[in-house]
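Chains as they are written, first to last, in the numbering used here: chain A, 1 to 411; chain B, 412 to 807.
No residue lacks a Cβ here, since even glycine has one placed at the ideal position from N, Cα and C.
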Amino acid sequence: MSATALASDLEQGISDEALEAFREEVAQWFAANRPPEPGFLLPESFMEVGTEEQFVYLRDWQRKLYDAGYLGMAWPKAYGGGGRPQAYQDIVNAEMARQKLPFVPNTIGLNWAGPLILAIGSEAEKQRYIRGILNADDIWCQGFSEPDQGSDLANSQLRAVRDGDHYVLNGSKIWTSLGSHAKYMILLARTNPEKPRYDGLSFFLVPMHTPGIEARPIRKLTGEYGFNQTFFNDARIPADCLMGREGEGWKIAMLTLTFERGATGGQAGGITRMALGVGDVLELARRSRRDGRPALEDPFVRDQMVRFMIEDQGDKLCGARGGIPALCSERPQAIPLSNKLRRSEHMRRLLQFSLSLQGANAVRWMGDADAVDGGKWQRSYFNSFASTIGGGTSQIQANIVGERVLGLPKD
Amino acid sequence: MGHADSAMKASLPLSHLMRFSDEQSMLLETATAFCRDKSPIATVRQRMTTDAGFDRAVWDEMVALGWSGMAIPERFGGSGLTLAEVATVTEPIGRHLLATPLFSTQLFVQAVIAGASPTQQALWLSKIVSGAIGTVALFEQDGDWALDAIAASARIEGNAAVLAGNKILVGDALQADCFAVSVMLDGAPAIAIVPAADIGSARLRRETIIDETRRSASLSLAGVRLPASALITGEAAGKALEAVRHAGLLLASAEAAGGIAGVLGVVLDYLNLRKTFGRKIGSYQSLKHTCADILIGLERSRSHVYHAASLITEAAAGSETSAIDIDVALRMAKVEAGDSFVFAGDRAVQFHGGFGFTWECDAQLYLRRALWLQYAFGDAGHHRRRLADALLSPVG
């Protein structure tokens, strides 16, 4: 679509025809610009980027996508975005998923830190950070979790002490994906240990190349790398790295989590993980055998498949219904706040079931020459715990639904 | 029906259409307020003890609001809307356990619209619009859900048809003004449209059923005579049965979705009130997390229900919506809402502890309705089996 045609769309509202034309354009562009097969197993999401070759491949892909104008389409033009209606980005995202394209790796920048900065950041912060998030020059990581706090984010102990024009950071953060590649970190730190636990927290945008900050890789349950524990030893960062005011850290972190949980719009777009889903498991089922017959003739397999399909369809329809206020009026937060719980638990159980389809071969692992699909199902099942644990475990999510949506008392 | 349709395949990926008109928004609001007002729980219990099971004055008001004739074409005095609107008012009916012959009547309406002759339609649909109660007699002794597995029969004697056999679980039969009865005629399904006067109360025997807010009766057909012209036969009979099945699935699912919201409310009230070991029991995660599961069932159920309703509206508006896609959406809605309501009702009894074991606890009322709805028009396992046929294409 030409720029003039688009401008006129904006003036007149977007027609279905214009969106359909755009969909076709995007589909063609992706078909023509699909990156070559890497020759190594790609990670499933930004949390599993364990090798330099994986990182470079994905970073270059994000650049290409941004240069084509397909990332941050609805972000303001002034900071490097496209200034277009969200509908266009939604089309790009859907088409990426449909064509099973690689994901864009700067997830924390694009979907959490970026929307946060655009929502509440200062003009200087927007100017400094947004463009680099989009073109993948500046990779972002997140410093929320700490080794001993579990899902209790408010218990963050990492200290930030004001010293003249600087803050001095001491402590450690864990599960920092992309920590060794990141230029910036969104950090939740304790500036005042005297105040009640929520009020003593502050929020920082931290340059990772600061002396005294070191990211050490953590080996995951899959045997792969991707996460880090990040250590802070007398790391001095400029005082203007503070976002908002001292003591506002908890509020800002909670806003960040609403972006992380997909409860609100504002994300730059692009898909954020290898999109395995019920359709892929169905395709695996078509290749599988039971009792000398196709597995898809087995009544138990059929019943299980249909259960997953109904659940998946139910969640997609919740997405559609979420756009109709009259059908969400009683508990407007029910669909958004249960989204992570529903989707992550669905995926975990679905991927566990995918092993069962492989019969005796289910016990093979990545690296085995005869592993089904190189062992990606086994890896995916293990990695699915990242979503049922990270960003607040499913058990914490169920507490949130119980307390914030249903109004049940806290423990 | 049966599984002769196993060759029919759903279009994949599945549609995610979701439409909800301003008119539906208003209906949902009105109906929610109406049901809350007309069906407080003490009234629900009082009506359970009556013969009719429902309050005629409330029915008259529902008729006056136009609910009964909502899906009836305007030329017969109806509103010319679709089952989507009926589903919209049915959701709060389930939520407030309102006793009403609306469900039975809508099944009769769908049979007549889909299969009856113009004369029959004019006769019966206008009566329904002005408050007549209709019902359908489909199921038989063996409890088979297949609507074409019919043992009852009709034979032609001159200008008359004479029926034989027995029907079970005929909803609101003792109050109904007219019946649509499935029979076999010359080896094929047919539907007899019979006024209550030609059936007579002697042929009806009230049944004792799990949901005491409902009424049903068995029907002995032997000797029932009707004009042969009052039989729906051939292709029209198949269409009528299909329409009844679709209405049954949609309305049972909508009622179940409403029921989940209702019983969740009962549970939440109790969990926020009752204390054990010095704590409100709602603070215990085993209960709180299960409530989150109930909510998820509710959200997914409502989404399935209104999606199926949207497809029905689209099809009625003349868009290309394949029958199999509507069928898939309806079965999915029934599976999700049916299972989720039973789960919610079952947990509601459990969470009330000793009180939950008593007649006075309202949880059992919802569990009873959940079970009635689960086993109406096929339970979850039944529909998953047929969904598998529609969704899992043969190995290629």
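Who does tyrosine 184 of chain A pair with in a DSSP beta bridge? A:Trp140 and A:Pro207
Going by DSSP, which residues form a beta bridge with asparagine 106 of chain A? BP columns for asparagine 106 of chain A are empty, so no partner.
Beta-carbon proximity check, asparagine 106 of chain A vs aspartate 138 of chain A, cutoff 9 Å: yes
Just how far apart, CA to CA, sit glycine 491 of chain B and isoleucine 610 of chain B? 30 Å
Quick one: grab the DSSP three-state call for arginine 128 of chain A. helix
Within the continuous alpha helix (DSSP H) that includes alanine 94 of chain A, where are the two ends? 86-98
Can you tell me which of B:Leu706, B:Ala607, B:Ala557 and B:Val760 puts its alpha carbon nearest to the alpha carbon of histidine 793 of chain B? With distances taken between Cα atoms, histidine 793 of chain B lies closest to B:Ala557.
As an exercise, report each continuous alpha helix (DSSP H) stretch of at least 4 residues that is fully enclosed by the segment 710-786 of chain B, in chain order. Listed in chain order, they are 734-762, 764-767 and 774-785.
Is the segment 163-182 of chain A touching the segment 264-274 of chain A in the sense that three or more CB pairs, one from each, lie closer than 8 Å? no
For leucine 684 of chain B, is the classification buried or exposed, using 16 other Cβ atoms within 10 angstroms of its Cβ as the cut-off for buried? exposed
C-beta atoms of aspartate 215 of chain A and phenylalanine 231 of chain A nearer than 9 Å: Note on residue identity: the sequence assigns alanine, not aspartate, to residue 215 of chain A. Phenylalanine 231 of chain A is positioned such that its CB atom lies closer than 9 Å to that of alanine 215 of chain A.
Measuring straight from C-alpha to C-alpha, what distance separates arginine 197 of chain A and threonine 191 of chain A? 11 Å
Paired residues, beta bridge with lysine 691 of chain B - DSSP: B:Lys686
Return no unless some Cβ of chain B is closer than 9 Å to the Cβ of leucine 257 of chain A. No, no contact with chain B.
Apart from the five residues just before and just after alanine 665 of chain B, which ones in its own chain have a Cβ nearer than 6 Å to its Cβ? Ala498, Thr501, Glu502 and Val716
Can you tell me whether arginine 427 of chain B is helix, strand or coil according to DSSP? In the sequence under discussion, the amino acid at residue 427 of chain B is histidine, which differs from the arginine named in the question. Residue state, collapsed to three classes: coil.
Strictly under 9 Å for the Cβ-Cβ distance: is alanine 398 of chain A near chain B by that measure? Judged by the 9 Å Cβ criterion, alanine 398 of chain A is in contact with chain B.
Taking the CB atoms as reference points, tell me whether phenylalanine 46 of chain A and arginine 273 of chain A lie closer together than 9 Å. Taking 9 Å as the cut-off, the beta carbon of phenylalanine 46 of chain A is found closer than this to the beta carbon of arginine 273 of chain A.
Give the straight-line distance between the Cα atoms of aspartate 800 of chain B and tyrosine 184 of chain A, rounded to the nearest whole angstrom. 52 Å
If you drop the 5 nearest sequence neighbours on each side, which residues of the same chain put their C-beta closer than 7 Å to that of methionine 305 of chain A? Leu282 and Ala285
Would you mind stating whether glycine 576 of chain B and alanine 633 of chain B have Cβ atoms separated by less than 9 Å? yes
Would serine 338 of chain A count as contacting chain B if we go by Cβ distances under 9 Å? With 9 Å as the cut-off, serine 338 of chain A counts as an interface residue toward chain B.
For phenylalanine 431 of chain B, go through chain A and note every residue whose CB falls closer than 9 Å to its CB, in chain order. Arg321, Ile324, Ala326 and Leu327
According to DSSP, simplified to helix, strand and coil, what is alanine 618 of chain B? For the sequence presented, residue 618 of chain B should be read as glutamate rather than alanine. In the structure shown, glutamate 618 of chain B sits in coil (DSSP, three-state: anything other than H, G, I, E or B).
Would you give the residue range spanned by the beta strand (DSSP E) that proline 238 of chain A belongs to? 227-238
Can you tell me which residues form a DSSP beta bridge with lysine 173 of chain A? A:Thr230
For the ligand SAH, any of its heavy atoms closer than 8 Å to the Cβ of isoleucine 213 of chain A? For the structure depicted, the ligand SAH is absent and the ligand set is empty, with no information on it obtainable.
In angstroms, rounded to a whole number, what distance separates the CA positions of alanine 442 of chain B and asparagine 361 of chain A? 55 Å
When you compare the CB of valine 806 of chain B with every CB in chain A, is at least one pair closer than 9 Å? In this predicted model, valine 806 of chain B has a pLDDT of only 45, less than 50, meaning its place in the structure is not dependable enough to derive any value.
Where does phenylalanine 465 of chain B sit, in a helix, a strand or coil, going by DSSP? In the structure shown, phenylalanine 465 of chain B falls within a coil segment according to DSSP collapsed to helix, strand and coil.
So, with DSSP's three-state summary, where would you put serine 417 of chain B? Because the pLDDT at serine 417 of chain B is just 41, under 50, the model does not fix this residue reliably, and the value given afterwards should be weighed accordingly. DSSP places serine 417 of chain B in helix when its eight states are reduced to three.
Excluding five sequence neighbours on each side, which residues of the same chain lie with their C-beta closer than 7 Å to the C-beta of proline 38 of chain A? Tyr57
Between proline 606 of chain B and chain A, is any beta-carbon pair separated by less than 9 Å? Residue-level contact by beta carbon fails for proline 606 of chain B and chain A, as no gap is shorter than 9 Å.
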